[in-house]
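Below is one structure, written out as structure tokens; the observations come after it.
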Amino acid sequence: MKKRKKIFYIILFFSLVMWTIDSVLDFLFFYKGTFWELLLFKVPPHELYIRSFLLISFLIFAFILSKVYGKLKIEEKKANELDIKKYLYKPIDFYKLYREIYNTLES
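In the working numbering, the protein residues as written are 90 to 196.
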């Protein structure tokens, strides 16, 4: 659960960084006004729509990612309980495999 919250907070941080970068680009290239107006106080309606859409998209992505991570942890725990990993990740003896292929081709 702790990692799931960490994922959510990281994505939230990146979405706020995206909001700030978009404000900087708007300030430098597209709109007149101060940076703080474009960041928080007098955000143009179109920019508010775009930034809100991206923020919500990031948060939905964080929610989905945390759910997938949670399911992955549950499945990993089940695999450990059943001790399946030793069968799934059995080391391959390449020399033995080579001999079997060679003997099959010889006969």
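Cβ atoms here follow ideal geometry from the backbone N, Cα and C, with glycine treated the same way.
(1) What are the start and end residues of the alpha helix (DSSP H) that includes Val106?
(2) Assuming Leu154 and Ile96 form a contact by the criterion Cβ under 8 Å, report the distance between their Cβ atoms to the nearest whole angstrom.
(3) Could you pull out every residue in the same chain whose Cβ sits closer than 8 Å to the Cβ of Thr109, ignoring the five residues on either side in sequence?
(4) Helix, strand or coil for Val132 per DSSP?
(5) State the DSSP-derived secondary structure class of Ile163, mapped to helix, strand or coil.
This is what the structure gives:
(1) Lys91 to Leu114
(2) 6 Å
(3) Leu128
(4) Reduced to three states, the DSSP call for Val132 is coil.
(5) helix
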